[in-house]
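Working notes for the structure below.
There are 4 protein chains.
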Amino acid sequence: MAEPLGIGIVGLGRIGWHHAEQLRGGIAGARLVAAAVDPDHRQRLLASGEAPCPLVEDVAALLALPEVDAVVIASPSSLHEAHIAEAAAAGKPIFAEKPIADSVAGARRAAAAVRAAGIPFQIGFQRRFDPAYRRARDLIEAGAIGEVEMFRGITCDVIPPVDFLRTSGGLFWDLAIHDFDAARFLTGDEIVAVHAVGAVVVEPRLTEFDDIDYGIVTLRFRDGALGVCQASWRAPYGYDIRAEVHGSRGKVVAEVDEKFPARLYDERGLVSARHDRFTERFADAYRAELQAFVDAVRAGRAPSPGLDDALRAVEISDAATRSRREGRWVEPGA
Amino acid sequence: MAEPLGIGIVGLGRIGWHHAEQLRGGIAGARLVAAAVDPDHRQRLLASGEAPCPLVEDVAALLALPEVDAVVIASPSSLHEAHIAEAAAAGKPIFAEKPIADSVAGARRAAAAVRAAGIPFQIGFQRRFDPAYRRARDLIEAGAIGEVEMFRGITCDVIPPVDFLRTSGGLFWDLAIHDFDAARFLTGDEIVAVHAVGAVVVEPRLTEFDDIDYGIVTLRFRDGALGVCQASWRAPYGYDIRAEVHGSRGKVVAEVDEKFPARLYDERGLVSARHDRFTERFADAYRAELQAFVDAVRAGRAPSPGLDDALRAVEISDAATRSRREGRWVEPGA
Amino acid sequence: MAEPLGIGIVGLGRIGWHHAEQLRGGIAGARLVAAAVDPDHRQRLLASGEAPCPLVEDVAALLALPEVDAVVIASPSSLHEAHIAEAAAAGKPIFAEKPIADSVAGARRAAAAVRAAGIPFQIGFQRRFDPAYRRARDLIEAGAIGEVEMFRGITCDVIPPVDFLRTSGGLFWDLAIHDFDAARFLTGDEIVAVHAVGAVVVEPRLTEFDDIDYGIVTLRFRDGALGVCQASWRAPYGYDIRAEVHGSRGKVVAEVDEKFPARLYDERGLVSARHDRFTERFADAYRAELQAFVDAVRAGRAPSPGLDDALRAVEISDAATRSRREGRWVEPGA
Amino acid sequence: MAEPLGIGIVGLGRIGWHHAEQLRGGIAGARLVAAAVDPDHRQRLLASGEAPCPLVEDVAALLALPEVDAVVIASPSSLHEAHIAEAAAAGKPIFAEKPIADSVAGARRAAAAVRAAGIPFQIGFQRRFDPAYRRARDLIEAGAIGEVEMFRGITCDVIPPVDFLRTSGGLFWDLAIHDFDAARFLTGDEIVAVHAVGAVVVEPRLTEFDDIDYGIVTLRFRDGALGVCQASWRAPYGYDIRAEVHGSRGKVVAEVDEKFPARLYDERGLVSARHDRFTERFADAYRAELQAFVDAVRAGRAPSPGLDDALRAVEISDAATRSRREGRWVEPGA
């Protein structure tokens, strides 16, 4: 067996930290080498003694380490484009969190940089590795529901701090983007037009930067199917995601209502504990996507989902945002 | 106890027949007197010996029977307005199938006629009597999910013959109208704007009269909530309806996946038989709505859902149809 | 249509009251005439103004009323035999709560009295009218699981007052008897030997009269199948009953986990309200069994379940009780 | 990190092969060194080119390999005792499939040999590593159901070839043993008496060696709780296991009805694919138990479940077998 793949991670925020934990033992053939975090964060981690790996101050330092064979980019969304460009210039295989950039133009630039460098690239749409979504995809590909005719996706999550949302790109870029990608993954079809509407009911300050906390996006697919995505920063009963694909011969539903396989009945009746966080709901998927990336890079195969998926999801998120603001149908990428 | 209420029924088609069956024993305090059916149908029923009650040739003859204390109108949608007007003129309490008329103007005329006559009126939105929808409504009214923030309804049914659809008013008037009413019933809120899209994938001949077999309608509610209704003439796995209401503190889902309370496991695994028809899925609700009508009339109470609900559902159906054709937001009733 | 059947009810305890409520409107073709209750109870009911019907002092007075066409016997178990004998002597059709008597000998005497009188008789095993149990029975009769090979039934209920239990005949006579009958009903087979064990963990005073609050009974069926019944006076999460029949080609499970067809998700996750009482869990079944009795009597048909079912259940309950005390296999009826 | 633990495996039958597959990459810190298989089997594997690792002819040869740090014993049940003794004599940590031996006396000898050698030992009760059983155990330990009062376990599997069964020790030794262990694991209590009954309905040839294909075992626990285990060589709807623990304040049910997290609805209604084999149902558990063994050995901790659990399960299986044959209560280990 070849040497383990040395991984450098950029950013140790919520999802970066989760990836780092995985890379410390859970991913076969991989080895966490170091992480680049900004100086303040580095200070705090060193003081706490909880750093999961050696820390360096920036991406350049990380890329300069000879043991770093590939990078996981989990920095804030607004820095994805720059960090992808740097890693591409250094010729390192990239696993990047979504979105690939914070604008369509930036996404195209990032994609061009990766293509020019000819390096393996994977985007962090972890639902593609979730057992429920994979099973749904397998059934659809096998023809179990006939021709795809309608899609529905929904994602409800707890609202992050307003300051995070201020630079997140908005509900569609940050949250619904997962459903846009799931729609493409599950149907095997392409979204060609979107129409969106939004509301602010959870956090009034979102109006300061024209964002929303509830959104509904109607989709038109290339082959004639329709779809709808619902997203909200509201999850009082725990993180909640579902997808439903209707076809000419049946329907597939990907949903995981029960957090645990054993059921508790007590004085309240049957009680099913809530999913607390996406990292918990998708624990298997997060591990599987990193494993898939590592396996592909080591085997010289192209990882997936790749650049096209990363780019398209950003185009759809952008189109949904514009549609909501302009009250009209918008064609992604046009 | 007072005498049973003598009921005359107008029309013995699919739903009229179902009501007639209920009225022959299943509804306490009611008695099926006679039915008005057109001469051809009457001929066939008399020949078959299967008529559930004495038959008369038209609504006038039915209303002239002294034993007829109230009428159930289950004629084709295009005749509802005229039949309601006749019954109102005769001063008979009316239970009418939806839609109250086949145009907004007609609906207003029918409502005016009923109001002028001062008679009890109930519209056949049977979901309001379904145990799942009622339970959902009860929970929401009791504050179990806090403030209502998002609605989702879906109805999938087997496509009727094209000739029926030609005069049905279209997917939104005929099918989604139930979800529009359910949205109002469950949320306790009012729909103030709709945006609709449609597709033809099941029956190409629908394009001949600008109808669709898949439709998605985005809703805006008066108090700020959003919603979406999905409807289709496609039910390969059986009649399928669901409603979901998200609130600030929880979510309620009305769905009945399993047709039978006992589960069968065989060589296929766990198998849950499909709901075949709406008359089967809503058997309890159809009985309960007639019982509620009979009880209200006998007790001198106003039945519910009434004229306003009947009228509003038609306005929303009309708005959705126009929105789809014009590609823009439409305000129902405006 | 013939005149309604005039019903006299014996006893207005928990289940008698429930039947009386049903008979006041819920049962087509039936009319509640009067109830026989002991003088104290009569006094209290008259004082409270809540009596559901005219009251008489004893069964003789009830049977003497000319409007009483049939009786529902819901007196304490220890009086069933005497009340059945009186009603039989008066030639009145009988619906009797289980058990038919409080001893096997008494049950045989009661059965002989009914047979001698040649009157219709139905025993109150309401599970035979529950939608879940009926569906399970239908599937099994239709061959959906092949040959029956194993049965499992379980009943958990809240413990009644010790003073009630003192004269109830014990856990098997009072509670497990329903599962013994369900075993016979669902399998279509006969129980030929039982082996029982019990424990006292809920109410220590049960040891004073050699009763138990947890019991497990192993069953042997005539055609070779095995079975097990579990029963307990412990229902912290609500009244709980289930039945499971394994066959050569599949399995049927009758269970109703969710009290309501709509699901609530709140800060606890998915929450399914508990069934509080058997009258609530079996509301439909209690209505259906009375309706079936009324329909059979009015149509001159023999009602079901009848004398043989009533007698056999008592024989099995007795055998289980003896088996537990003697620690050996016992053949019911032997 | 220390060197990977070199594992030698004894036997490459159904479960041995499954373990070997896991050890080739799925278990961190472990390395599959070689397998001992009998000469015929070795010949076939070499011919097919499918051997998962180097093959040796017997346990002695395997134990002689310097790279073998520990052994996994997956030989036929009748050889477990001898193979455990050999490995113990060689001082190698042992992971053994259940049962630890094919007689209570043999089990005691095997246990004595292991204890004398002072080596780590783990028995293959993989349900203890299944997410459903673990969650149930966690809830019970945390007091979620109060005091344990009743247990129920059921295992239904496809019947193996008669020739395999001839030496398997019978239904209780081979199949119900998992439920006996699960009963101890979940309740945290000890089984002190059993009463068993059996039937032959699937395979008449079982009577040739006094075995059964359906069995029901009633359990008495030390602290007063009751229990029942059902087992059968009949699984027409797929491999089926469930456990249910009733307590003074609630109930926990460990069952996994749906094989896949995504649901398919087609012309049959809702269809849930069956679990085909125990290796599939317990894929995660089989991996987890090996991982736990490897981790414990490398860390110098005692693995679990260990010798006492292995021995007690055999004593209970033996008691159940004797109880069935003798028709009386038997105390395990007495």
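Protein sequence lines correspond, in order, to chains A, B, C and D.
Residue 1 is where the first sequence starts when you use our numbering, and the numbers rise one by one after that.
Residue 335 is where the second sequence starts when you use our numbering, and the numbers rise one by one after that.
Residue 669 is where the third sequence starts when you use our numbering, and the numbers rise one by one after that.
Residue 1003 is where the fourth sequence starts when you use our numbering, and the numbers rise one by one after that.
Ideal Cβ positions, reconstructed from N, Cα and C, are used throughout, including at glycine.
* Among B:His529, B:Ala451, B:Gly561, B:Ser566, which residue has its Cα nearest to the Cα of Asp547 (chain B)? -> Answer by Cα proximity: B:Ser566.
* To do: Kindly list, in the order they appear in chain C, the residues whose Cβ is closer than 7 Å to that of Leu598 (chain B).
  => For a Cβ distance threshold of 7 Å, residue set Leu807, Ala812, Gly918, Val920 of chain C lies close to Leu598 (chain B), ordered along the chain.
* To do: Can you give me the Cβ contacts of Leu560 (chain B) inside the same chain, cut-off strictly under 6 Å, excluding the 5 residues immediately before and after it?
  => Answer for Leu560 (chain B): Met484, listed in chain order.
* On the three-pair Cβ rule with 8 Å, is the stretch 1185-1200 of chain D touching the stretch 1104-1121 of chain D? -> Verdict: no, contact absent.
* Residues of chain C with a CB under 7 Å from the CB of Ala470 (chain B): which are they? -> The answer, in chain order, is Ala930.
* Asked: For Thr187 (chain A), which three-state DSSP category applies?
  -> Three-state result, Thr187 (chain A): helix.
* For Gln625 (chain B), the nearest candidate out of B:Pro637, B:Arg615, B:Val536 (CA to CA) -> The shortest C-alpha separation from Gln625 (chain B) is found at B:Pro637.
* Asked: What do you get for Trp1124 (chain D), buried or exposed, if any count of 16 or more other CB atoms within 10 angstroms of its CB means buried?
  -> One detail in the question is off: residue 1124 (chain D) reads as Gln in this sequence, not Trp. Buried.
* Spatial neighbours of Met669 (chain C) in its chain, beta-carbon cut-off 7 Å, leaving aside the 5 residues before and after -> Note that Met669 (chain C) has pLDDT 46, beneath the 50 cutoff, so the model's placement of it is unreliable and no number is given.
* Is there a Cβ from chain D that is less than 8 Å from the Cβ of Pro52 (chain A)? -> Using a CB distance cut-off of 8 Å, Pro52 (chain A) does not count as an interface residue toward chain D.
* Where the beta strand (DSSP E) through Asp908 (chain C) begins and ends -> Segment 908-915, the beta strand (DSSP E) holding Asp908 (chain C).
* Asked: Under the DSSP definition of a beta bridge, which residues are partnered with Ser502 (chain B)?
  -> Residue pairing for Ser502 (chain B): DSSP places it in no beta bridge.
* Starting from the beta carbon of Asp591 (chain B), find every residue of chain D whose beta carbon is closer than 7 Å, and list them in chain order. => Near Asp591 (chain B) (Cβ distances below 7 Å), the residues of chain D are Leu1272.
* Asked: Where Phe180 (chain A) and Phe129 (chain A) are concerned, what is the direct C-alpha to C-alpha distance, given to the nearest angstrom?
  -> Answer to the nearest angstrom: the Cα atoms are 15 Å apart.
* Quick one: using the 10 Å Cβ neighbour count with 16 as the cut-off for buried, is Asp952 (chain C) buried or exposed? => Result: exposed.
* **Straight-line gap, Ala922 (chain C) to Glu524 (chain B) (C-alpha atoms, nearest Å)** => Answer to the nearest angstrom: the Cα atoms are 41 Å apart.
* To do: Please name the residue, chosen from C:Leu747, C:Thr947, C:Lys760, C:His751, that lies closest to Asp737 (chain C) on a Cα-to-Cα basis.
  => If we check each option's Cα against that of Asp737 (chain C), C:Lys760 comes out closest.
* To do: Check the Cβ-Cβ distances between Ile216 (chain A) and every residue of chain B, and say whether any is below 8 Å.
  => Chain B, which has a Cβ nearer than 8 Å to the Cβ of Ile216 (chain A), makes this yes.
* **Contact under 8 Å by Cβ, Ala630 (chain B) with Cys563 (chain B)** => The answer is no: Cβ separation not under 8 Å.
* Asked: So, is Asp210 (chain A) buried or exposed, given that buried needs 16 or more other C-beta atoms within 10 angstroms?
  -> With a 10 Å radius around the Cβ and a threshold of 16 neighbouring Cβ atoms, Asp210 (chain A) comes out exposed.
* State the DSSP-derived secondary structure class of Ser1306 (chain D), mapped to helix, strand or coil. => Note: Ser1306 (chain D) maps to coil in three-state DSSP.
* Cβ-Cβ distance between Arg710 (chain C) and Glu689 (chain C) below 8 Å -> No. Outside cutoff.
* Looking at Val772 (chain C) and Ile677 (chain C), is the spacing between their C-beta atoms short of 8 Å? -> For Ile677 (chain C) and Val772 (chain C), no; Cβs fall outside 8 Å.
* To do: Look up Arg1330 (chain D) in the DSSP assignment and say whether it is helix, strand or coil.
  => Here Arg1330 (chain D) carries a coil assignment [DSSP, helix/strand/coil].
* In terms of residue numbering, what span does the beta strand (DSSP E) encompassing Arg263 (chain A) cover? -> 262-266 is the span of the beta strand (DSSP E), which, as asked, contains Arg263 (chain A).
* To do: With a 10 Å radius around its C-beta and 16 neighbouring C-beta atoms as the bar for buried, classify Glu315 (chain A) as buried or exposed.
  => Taking all protein chains shown into account, Glu315 (chain A) has 16 or more neighbouring C-beta atoms within 10 Å of its C-beta and is therefore buried.
* Asked: DSSP puts His1197 (chain D) in a beta bridge; with which residues?
  -> Looking at the DSSP assignment, His1197 (chain D) forms a beta bridge with D:Thr1220.
* When burial is assigned at 16 or more other CB atoms within 10 Å of the CB, is Asp934 (chain C) buried or exposed? -> Result: buried.
* Rounded C-alpha distance that separates Thr655 (chain B) from Gly504 (chain B) -> Cα to Cα, Thr655 (chain B) sits roughly 8 Å from Gly504 (chain B).
* To the nearest angstrom, how far is it from the Cα of Val1160 (chain D) to the Cα of Val1204 (chain D)? -> Cα to Cα, the separation comes out at about 10 Å.
* To do: Within the same chain, show all residues whose beta-carbon is closer than 6 Å to that of Val412 (chain A), passing over the 5 residues directly before and after it, in chain order.
  => Given that chain A is displayed from residue 1 to residue 334, the structure contains no residue 412 (chain A) and the question cannot be resolved.
* Asked: Leaving out five residues before and five after Arg777 (chain C) in sequence, what residues of the same chain have Cβ atoms less than 8 Å from its Cβ?
  -> The beta carbon of Arg777 (chain C) sits closer than 8 Å to the beta carbons of Glu749, Ala753, Ala769 from its chain, once the five residues preceding and following it are set aside; these are given in chain order.
* Mind checking the stretch 178-189 of chain A against chain B and listing, in chain order, the residues whose C-beta falls within less than 7 Å of any C-beta there? => Here the close residues number zero.
* Asked: For Cys53 (chain A), which option in A:Ile216, A:Leu219, A:Arg31 has the closest C-alpha, if you only look at C-alpha atoms?
  -> Measuring from the Cα of Cys53 (chain A), the nearest candidate turns out to be A:Arg31.
* Comparing the C-beta of Met1 (chain A) with each C-beta of chain B, is any distance below 8 Å? -> Low per-residue confidence applies at Met1 (chain A): pLDDT is 45, beneath 50, and the placement is therefore not dependable enough to give any value.
* To do: Check whether the Cβ atoms of Ile808 (chain C) and Leu874 (chain C) sit closer than 8 Å, and answer yes or no.
  => No, the pair does not count as a contact, with Cβ atoms beyond the cut-off.
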